[in-house]
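Here the protein sequences line up with chains A and B, keeping their order.
To convert, note that position 23 of the first sequence is 23 in this note's numbering; the numbers rise steadily by one, no gaps.
So the mapping is simple: this note's numbering equals the position in the second sequence, first residue as 1, plus 1000.
Note that beta-carbon positions come from the ideal geometry of N, C-alpha and C, so glycine has one too.
Notes to accompany the following structure.
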Amino acid sequence: MNRPIVNAGKFQRPLTTIIAAVLIITVTFYLAVPVLALFFRTTPELFLESLQNPEVLSALWLSIFTSVISLVIVLLVGTPFAYFHSRNQYPGRMLVDTIIDLPLVLPPAVAGVALLLLYGRSGLVGKYLSMFGISIAFTTLAVIIAQIFVASPFYLRQAKSLFEQLDPAYEKTALTLGASPLRIFATITLPLTAGGLVSGAVMTFGRALGEFGATLMFAGNLPGVTQTMPLAVYVGMQGELNVGITVSILLVIISFAIMIAIRILAKKEVRNA
Amino acid sequence: MLELTLRKTLRDFSLEVYMEVRPGRIMALMGDNGAGKSTILNMVAGLISPDSGSISINGTIICDTAHGISLPVEKRRIGYVLQNPAVFPHMSVRENIAYGPKAEGLSRDVISARVDHWLEKLEIRDLAQVKAGNLSGGQRQRVALARALATEPSLLMLDEPFTALDADSMQSVKKYIRTFVTEMKIPCLIVTHRVLDSKEIGDQACIMSRGKMEWVGNPSDFPLCSCRDVTVTS
Chain A
1 MNRPIVNAGK FQRPLTTIIA AVLIITVTFY LAVPVLALFF RTTPELFLES
51 LQNPEVLSAL WLSIFTSVIS LVIVLLVGTP FAYFHSRNQY PGRMLVDTII
101 DLPLVLPPAV AGVALLLLYG RSGLVGKYLS MFGISIAFTT LAVIIAQIFV
151 ASPFYLRQAK SLFEQLDPAY EKTALTLGAS PLRIFATITL PLTAGGLVSG
201 AVMTFGRALG EFGATLMFAG NLPGVTQTMP LAVYVGMQGE LNVGITVSIL
251 LVIISFAIMI AIRILAKKEV RNA
Chain B
1001 MLELTLRKTL RDFSLEVYME VRPGRIMALM GDNGAGKSTI LNMVAGLISP
1051 DSGSISINGT IICDTAHGIS LPVEKRRIGY VLQNPAVFPH MSVRENIAYG
1101 PKAEGLSRDV ISARVDHWLE KLEIRDLAQV KAGNLSGGQR QRVALARALA
1151 TEPSLLMLDE PFTALDADSM QSVKKYIRTF VTEMKIPCLI VTHRVLDSKE
1201 IGDQACIMSR GKMEWVGNPS DFPLCSCRDV TVTS
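Encoded structure:
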């Protein structure tokens, strides 16, 4: 039966407005206001003063340093892996898919305990490493390992799906034009997926920057060595409240910048498509 | 001269073809969807392997399963325009056409001269700096053709090159294909659905059905066939 579309529109418009209003109010109060509350608990002077605090600076530096290293490793290892995975059928492919997603659902603290039981002094691998005087747990390296464990799925999932969605006609054509597989990857595959790959990388960086549970369990909380920004917030909230708030605000600003970057890149991707 | 004998077991049937196409001649491959036409092109290009058979172009064997010969795709020197012309959208028209010669490692001057030549021939000089992602369907097809020919191939293959083209673009693309195949004296395989296309451009035609060559001959002698997707528009 044909429905009168014009009447439906008349009924829908007020309903849409009401639902939109409820949505805006919910999002504002549930998500935005708690974040804004941080800004109301400090003043620009206090914020700038706390920013001079050596613990804040060292946490900021350590967080950025470890997150950048984690991201570089994820990009260098993850990109060829995701490409191989999306282009080939191999035994255990589904298992690999599931394992990649595991860190997304695993509580980070559990991930930290698992990493500790593997790389700790008496861990499965750690006990052999300690024979050579190599200790991983409670070092900056442990921070990086924890970040990679927790954040890499964000990039891998994105890269896999981008490579799978890319029309194979581009790569086939390049092959018939005489290009080597490496050249095709560098000149066709990467540029055509670049926007999505960068937004996946930005998400990964953001997740690594905000990593807390696994880092605390596996790397500890040593200022200047393993105390990243989220850990500095935790310590600050138990002692110097201003330090905790300042670092939190820094994390909010960085997260906001990351979200804006992702939106810009996503728009660029749509334009290129 | 293109000579091929190919066999391949597909999901629903076995593909078996024998074909000869002389230099400067165009063979139109027709038939139902899934009759194996594109599979033949993909096997000739080296994108998929035949179960058995051989392919030679101008006496050079590029594939011979009996002797374990199979040149990799990038060494076959075949200009292949796929059904999706796949112009590289992030590159300019000029960069698209230069892609093959660059991959071949030719000098800058040679690449530049060759690109200019094909921009001129396909009448797309004014589009040289345009991003290929912004081109119309007809322009994309011309760029794809120029790009394939800029590698100076010994065989040209086109998979449904006239689909989604308006009447004017279709006529000009047909004119270009005919001209270049004759000028370059290379054999050409074209997959098309329309009898009119094969009559207008084909020197020979082959009607495929479930992997078998049902009919081969001059397109003007087309039989009244039962192929579902062969649209008689003439």
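For a contact meaning CB atoms closer than 9 Å, what does residue i contact in chain B?
i, result
"residue 172/A", "1042, 1045, 1047, 1073, 1080, 1082 and 1086"
"residue 134/A", "By Cβ distance, chain B contributes nothing, its closest Cβ being about 44 Å from residue 134/A, past 9 Å."
Could you list which residues in chain A have their beta carbon closer than 8 Å to that of residue i, in chain order?
i, result
"residue 1104/B", "178"
"residue 1151/B", "177 and 178"
Would you list the one or two residues that DSSP bridges to residue i?
i, result
"residue 1215/B", "1207/B"
"residue 90/A", "Answer is none; residue 90/A lacks a bridge partner."
"residue 1018/B", "1005/B"
"residue 1157/B", "1080/B and 1189/B"
"residue 1164/B", "Bridge partners of residue 1164/B: none, in fact."
"residue 1064/B", "1054/B and 1069/B"
"residue 1031/B", "1208/B"
"residue 1131/B", "1092/B"
"residue 1026/B", "1188/B"
Using the beta-carbon of each residue, which ones in chain A are nearer than 7 Å to residue i?
i, result
"residue 1138/B", "Neighbours of residue 1138/B on chain A: none; closest Cβ ~18 Å, over 7 Å."
"residue 1100/B", "177 and 178"
"residue 1094/B", "Correct list: empty, because the minimum Cβ distance to chain A is about 14 Å."
Whose C-alpha, out of the options, is nearest the C-alpha of residue i?
i, options, result
"residue 81/A", "161/A, 234/A, 244/A and 133/A", "161/A"
"residue 194/A", "233/A, 264/A and 211/A", "264/A"
"residue 1141/B", "1058/B, 1060/B, 1151/B and 1158/B", "1158/B"
"residue 200/A", "211/A, 99/A, 259/A and 118/A", "259/A"
"residue 1167/B", "1043/B, 1151/B, 1138/B and 1182/B", "1138/B"
"residue 113/A", "220/A, 243/A and 238/A", "220/A"
"residue 1008/B", "1038/B, 1002/B, 1161/B and 1027/B", "1038/B"
"residue 31/A", "256/A, 266/A and 209/A", "256/A"
"residue 1032/B", "1202/B, 1058/B and 1195/B", "1195/B"
"residue 1178/B", "1084/B, 1024/B and 1002/B", "1024/B"
"residue 97/A", "173/A, 157/A, 21/A and 237/A", "157/A"
"residue 178/A", "1073/B, 1061/B, 1143/B and 1047/B", "1073/B"
"residue 56/A", "238/A, 261/A, 252/A and 231/A", "231/A"
"residue 1117/B", "1152/B, 1086/B, 1136/B and 1087/B", "1152/B"
Beta carbon of residue i: closer than 7 Å to some heavy atom of the ligand GTP?
i, result
"residue 92/A", "As far as ligands go, the structure on display features none, and thus does not contain the ligand GTP."
Report the neighbours of residue i on chain B: residues whose CB is nearer than 7 Å to its CB, in chain order.
i, result
"residue 191/A", "1090"
"residue 13/A", "Those do not exist, as residue 13/A stays about 37 Å from chain B at its closest Cβ, beyond 7 Å."
"residue 169/A", "1082, 1084 and 1086"
Assuming residue i and residue j make a contact with CB atoms under 8 Å, what is their CB distance in whole Å?
i, j, result
"residue 146/A", "residue 218/A", "5 Å"
"residue 1145/B", "residue 1099/B", "In fact, because the Cβ distance is near 14 Å, the residues do not count as touching under 8 Å."
"residue 1079/B", "residue 1127/B", "Actually they do not touch by this definition, with Cβ atoms about 20 Å apart."
"residue 229/A", "residue 58/A", "The Cβ separation is near 10 Å, so there is no contact."
"residue 192/A", "residue 159/A", "Contact doesn't hold; Cβ gap of about 13 Å is too wide."
"residue 1132/B", "residue 1089/B", "5 Å"
"residue 1097/B", "residue 1076/B", "Contact doesn't hold; Cβ gap of about 19 Å is too wide."
Using a cut-off of 9 Å between C-beta atoms, extract the partners of residue i located in chain A.
i, result
"residue 1147/B", "173 and 177"
Along chain B, in chain order, which residues have C-beta atoms closer than 8 Å to that of residue i?
i, result
"residue 188/A", "1088"
"residue 183/A", "1103"
Going along the chain, which unbroken runs of the alpha helix (DSSP H) with 4 or more residues stay wholly within the region 1071–1126 of chain B?
1093–1103 and 1108–1121
Curious, which full-length alpha helix (DSSP H) runs of at least 4 residues does the region 73–148 of chain A contain?
93–105, 108–119 and 126–131
Unbroken alpha helix (DSSP H) runs of length 4 or more, entirely within the region 32–60 of chain A: which are they?
33–40 and 44–51
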